[in-house]
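Only one structure is covered here, and it is reproduced in the block below.
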Amino acid sequence: MYPVLISKTIQGQTLENAENLDVKQLTWACLCALLTCPGDGRFPNYVVEEGTRRIFCVDNDISFVEAVIHYYFGHKVQFSSALFCLDAKYHLDPGVLEAFIHLKPNLILNSWLEDLIQKDTAYRDLLLFTPEEEEQLYEENPEDRFKGTLLLRSGTVTNLLVQFYHLQDCLRQALKAKKKLIPLDLLPYLVTLRGSQKQTLDRWVYAKYKQAVASSLAPKQRLQNAIDRQVDISLTSAQADAASFGKPPTFEEIQQRKEYSPEKAQSELFAFTLNRYASHVLFGENQEEEWIEADFKRMVKGKAPDRERQRLVLNALIFLMKNKGLRPKKLTLMNCAVLDHTTLKPFLHIDLDYLNVSGCPLIKEEAIQEIEKRSPNLKTLYLNRCVQLRTFEKPRFPLAPTYLQFAKLEELQLMQCEALASIQLDAPLLHILKADKNPHLKALFFKTVDPYAKGSFTRCQALDLGMARKEGVRKILREIKNAEFDFRLLIRIYMNDPKFAFFSFSHKEINDKGAETLAQALAFNTTIKILELNNNKLSDRGTQAIVHALAFNTALRTFLFKSNQISDQGAKALAQFLASNTVLSTLHLNNNQISDKEMKVFAHALVSNTALKRLRLDFNQINDKGIEGFAPALASNTNLETLNLSTNQITDKGAEVLAQALASNTALKDFNLSDNQITDKGAEVLAQTLASNTTLREFNLSGNQITDKGAKVLAQALASNTALKKLNLSGNQINEECRHLLRLLPPILI
106 MYPVLISKTI
116 QGQTLENAEN
126 LDVKQLTWAC
136 LCALLTCPGD
146 GRFPNYVVEE
156 GTRRIFCVDN
166 DISFVEAVIH
176 YYFGHKVQFS
186 SALFCLDAKY
196 HLDPGVLEAF
206 IHLKPNLILN
216 SWLEDLIQKD
226 TAYRDLLLFT
236 PEEEEQLYEE
246 NPEDRFKGTL
256 LLRSGTVTNL
266 LVQFYHLQDC
276 LRQALKAKKK
286 LIPLDLLPYL
296 VTLRGSQKQT
306 LDRWVYAKYK
316 QAVASSLAPK
326 QRLQNAIDRQ
336 VDISLTSAQA
346 DAASFGKPPT
356 FEEIQQRKEY
366 SPEKAQSELF
376 AFTLNRYASH
386 VLFGENQEEE
396 WIEADFKRMV
406 KGKAPDRERQ
416 RLVLNALIFL
426 MKNKGLRPKK
436 LTLMNCAVLD
446 HTTLKPFLHI
456 DLDYLNVSGC
466 PLIKEEAIQE
476 IEKRSPNLKT
486 LYLNRCVQLR
496 TFEKPRFPLA
506 PTYLQFAKLE
516 ELQLMQCEAL
526 ASIQLDAPLL
536 HILKADKNPH
546 LKALFFKTVD
556 PYAKGSFTRC
566 QALDLGMARK
576 EGVRKILREI
586 KNAEFDFRLL
596 IRIYMNDPKF
606 AFFSFSHKEI
616 NDKGAETLAQ
626 ALAFNTTIKI
636 LELNNNKLSD
646 RGTQAIVHAL
656 AFNTALRTFL
666 FKSNQISDQG
676 AKALAQFLAS
686 NTVLSTLHLN
696 NNQISDKEMK
706 VFAHALVSNT
716 ALKRLRLDFN
726 QINDKGIEGF
736 APALASNTNL
746 ETLNLSTNQI
756 TDKGAEVLAQ
766 ALASNTALKD
776 FNLSDNQITD
786 KGAEVLAQTL
796 ASNTTLREFN
806 LSGNQITDKG
816 AKVLAQALAS
826 NTALKKLNLS
836 GNQINEECRH
846 LLRLLPPILI
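Spelled out as structure tokens, the structure:
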């Protein structure tokens, strides 16, 4: 008994002699040929149906061949399709091309592979042949082997998916340029991933077909010249195997179903289709960022990594990134046995803030240097289980620092790096460091002291953490060359001297660079309770450095920061600090450059802050718009007792908003609105609130534009207010007679 193929009969003629072809069907056929890469697309294998003039492929079962085979002394074109040897009178249908570029390759290929798997399973379940009979049929004639299953070479689906996307992108550009394409124009879009990251085939396949079509030969002879072989007969099984698989698969390989099965091919597709059952390669994007997540853990042969498959998938990712212009902010390439510094380069860019290359054995010092060079803005870096990584530092050159620099790095993981012996790092924002289970780790240096204390170094047998910290502090202090600071004072801050809870650096002309130096010391300190930085030259940059250093501080109670050069970004950093801080009770930010923009941010901070009792924002640039953003938080705040908003640009509109907030506030005791632009109108709405307020003890309205009228309304409000002890109205526009009367009321200063 021998296998027989039975298929539906199509009434018509072969393509060679057919005229008036259905152009839409021809267009689809050409697109499919480019995707399936036929190896035996001779004219007799295409039938044109009578009546409809539609083209059908028959007996064209040799597909996914290597389009070009390269030899030491030349090459051979194996892509064989008569569709590209027709006369140039047929133009591709634009409507079909437009429909094609909107197809979803992942969904189509997934459905196709599921169908192949189902049919392959059903066929094998029939048990038409015993294993012995299948082996006999396969081995008895090497030139005409019978295979009782569907076979797909490793990497075929990956190549198909990339070809699909590439073809869509090329056609999208062609349609945009309003090009009129003929079938031959599709051949420059052929690509392959095998043997390189990405290789176009136009100089081989397109060149050969173009030369053949340009001749006056008959269509059949054109195809023969394009592929340099006879086209009268089909390929033998051995020839087909060589074209599709590179070599004939052994019977054992087919039976084991590890290398050529549709299920194995489907896992490549799943790597691009968000399928949780495969070797996860996920693409994602939202309005803010793009990301790629790839875990190569399941791409294996037995217990060993399948390096060929991993390399093909990695090359496909590289190609898709370049082809689609992706710049993912988050990148995961885990457990990849072929990822090294060369293949990692295409993924690195300046906007990358998250990188996970854990479990990649070829990640060594060269890769770390590429990461530092190309992605300096990383916030998170995972390098766990990189077993050949020996040092996390720069190369050692005379007079050059050896520590890596990551200005924005917040989290670093270097766990289970068996060969790791040294970590040297300048990362001022680093607050999570996990370097556990590194048996050879013995050298540490950080430009801040924080990682020595907060880093995790369990089961690092060669490491003396206490000695490493002492040596690190000495090295840090040796590098500090800043006359703004007393060297001995910095040592006390670094070493957490419990005798010094109050530090004043006021009137020292400290600039942003000096602030960064101080921040390094403050990051580790847990004893300072009062910190003064008044009257210096700190701008937003220096403020951010100080605030980040204090982010996890649980000791500081008073922070005096007046008379610097803080504007919106510095204020934003301070507000974020306040939002999570649970101990700071006093904050002075007077005489800076804080404007309306960040008052809403301060408001959000006050909503979640439960510790701050005294806040000074006087002598800034806050007007009514800023007050509107700030007032709602003041209305619900239950802990702020002193608020100074004097010498800003608050008018009656702002006063009205503040009055509404005071009506429901039950905590504020001392409120300063002096030297603003409040008139009688504002005084009247404030008076209404004062009449019923029972918590305010001192209220300063001096230096505004209040006249006798406003002053009298405020005085009347005091008749029902027994809590207010001091109301300052001095420096307004009140005449002497009214001033005399107001002096008779004890709470009023005039």
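Per the working numbering, the sequence shown starts with residue 106, numbered consecutively. Beta carbons: idealized from backbone N, C-alpha and C, even for Gly.
Extent of the continuous alpha helix (DSSP H) to which residue i belongs
{"i": "Ser741", "result": "729–741"}
{"i": "Ile206", "result": "199–206"}
{"i": "Leu720", "result": "Looking at the DSSP string, Leu720 is not in any alpha helix (DSSP H); the run it does join, the beta strand (DSSP E), is 719–721."}
{"i": "Glu842", "result": "841–847"}
{"i": "Glu470", "result": "470–479"}
{"i": "Ala620", "result": "617–627"}
{"i": "Gln241", "result": "236–244"}
{"i": "Leu139", "result": "128–141"}
{"i": "Leu449", "result": "446–449"}
Selection from the options that minimises the alpha carbon distance to residue i
{"i": "Gln415", "options": "Leu438, Phe148, Ser835", "result": "Leu438"}
{"i": "Gln335", "options": "Phe189, Asp145, Ala716, Phe178", "result": "Asp145"}
{"i": "Glu477", "options": "Val790, Arg495, Tyr508, Leu242", "result": "Tyr508"}
{"i": "Leu494", "options": "Val310, Thr485, Gly464, Ile615", "result": "Gly464"}
{"i": "Ser644", "options": "Asn658, Leu661, Ser668, Arg662", "result": "Ser668"}
{"i": "Glu576", "options": "Leu549, Pro737, Glu240", "result": "Leu549"}
{"i": "Leu679", "options": "Val688, Leu694, Val163", "result": "Leu694"}
{"i": "His653", "options": "Ala532, Ile635, Asn616, Phe551", "result": "Ala532"}
{"i": "Trp133", "options": "Ile839, Thr496, Ile160, Ala766", "result": "Ile160"}
{"i": "Gln670", "options": "Phe657, Ala660, Gly647", "result": "Gly647"}
{"i": "Tyr314", "options": "Cys190, Ser685, Leu832, Thr752", "result": "Cys190"}
{"i": "Ser186", "options": "Glu154, Ile332, His175", "result": "Ile332"}
{"i": "Arg719", "options": "Ile115, Val688, Tyr151", "result": "Val688"}
{"i": "Asn150", "options": "Leu834, Leu289, Pro247, Lys325", "result": "Lys325"}
{"i": "Leu126", "options": "Glu155, Leu739, Leu546", "result": "Glu155"}
Any non-hydrogen atom of the ligand COA closer than 7 Å to residue i Cβ
{"i": "Thr496", "result": "By its list of ligands, the structure shown contains no ligand whatsoever, and the ligand COA lies outside what it can speak to."}
Whole-angstrom C-beta distance between residue j and residue i, which should lie under 8 Å
{"i": "Leu665", "j": "Glu703", "result": "With 8 Å as the limit, Leu665 and Glu703 do not qualify as a contact, their Cβ atoms being about 19 Å apart."}
{"i": "Asn744", "j": "Ala716", "result": "7 Å"}
{"i": "Leu623", "j": "Phe610", "result": "7 Å"}
{"i": "Ala628", "j": "Thr553", "result": "5 Å"}
{"i": "Leu486", "j": "Leu525", "result": "In fact, because the Cβ distance is near 14 Å, the residues do not count as touching under 8 Å."}
{"i": "Leu286", "j": "His196", "result": "7 Å"}
{"i": "Ala138", "j": "Leu208", "result": "Rounded, the Cβ-Cβ distance is 16 Å, inconsistent with contact."}
{"i": "Phe608", "j": "Ile633", "result": "6 Å"}
{"i": "Asn805", "j": "Asn826", "result": "Actually they are not in contact, since the Cβ atoms of Asn805 and Asn826 sit about 16 Å apart, beyond 8 Å."}
{"i": "Thr794", "j": "Gly815", "result": "In fact, because the Cβ distance is near 14 Å, the residues do not count as touching under 8 Å."}
{"i": "His732", "j": "Ile699", "result": "Note that residue 732 corresponds to Ile in the displayed sequence, not to His. In fact, because the Cβ distance is near 13 Å, the residues do not count as touching under 8 Å."}
{"i": "Leu214", "j": "Leu280", "result": "Between Leu280 and Leu214 the Cβ distance is about 23 Å, and since that is not below 8 Å, they are no contact."}
{"i": "His446", "j": "Glu475", "result": "5 Å"}
{"i": "Leu829", "j": "Arg802", "result": "6 Å"}
{"i": "Val310", "j": "His271", "result": "About 14 Å; that fails the 8 Å criterion."}
{"i": "Leu854", "j": "Leu832", "result": "7 Å"}
{"i": "Ala792", "j": "Gln821", "result": "7 Å"}
Bridge-paired residues (DSSP) for residue i
{"i": "Tyr151", "result": "Cys162"}
{"i": "Ala409", "result": "Lys406"}
{"i": "Ser186", "result": "Gly146"}
{"i": "Lys831", "result": "Glu803"}
{"i": "Phe497", "result": "Ile528"}
{"i": "Thr812", "result": "Gln838"}
{"i": "Ile853", "result": "Leu832"}
{"i": "Val173", "result": "Val182"}
{"i": "Leu509", "result": "Leu530"}
{"i": "Leu636", "result": "Phe608, Phe664"}
N-terminal and C-terminal residue of the beta strand (DSSP E) that residue i is part of
{"i": "Met439", "result": "435–439"}
{"i": "Tyr487", "result": "485–487"}
{"i": "Gly117", "result": "117–119"}
{"i": "Gln329", "result": "Element bounds for Gln329: not the beta strand (DSSP E) but the alpha helix (DSSP H), 324–332."}
{"i": "Tyr459", "result": "459–461"}
{"i": "Ala399", "result": "395–400"}
{"i": "Leu517", "result": "516–518"}
Inset, instruction - Quick one: which unbroken alpha helix (DSSP H) runs of 4-plus residues sit fully inside the stretch 540–610? Chain order, please. - result: Along the stretch 540–610, the alpha helix (DSSP H) occurs as fully enclosed runs of 4 or more residues at 555–559, 570–584, 592–599, listed in sequence order.
Inset, instruction - Can you check the stretch 641–710 for any alpha helix (DSSP H) of at least 4 residues that lies completely inside it and give the ranges in chain order? - result: 645–654, 673–685
Legend entry - Unbroken stretches of the beta strand (DSSP E), 3 residues or longer, contained in the stretch 743–784: The qualifying runs are 747–749, 775–777.
Inset, instruction - Any chance you could list the alpha helix (DSSP H) runs of at least 4 consecutive residues sitting entirely within the stretch 274–322, in chain order? - result: 312–318
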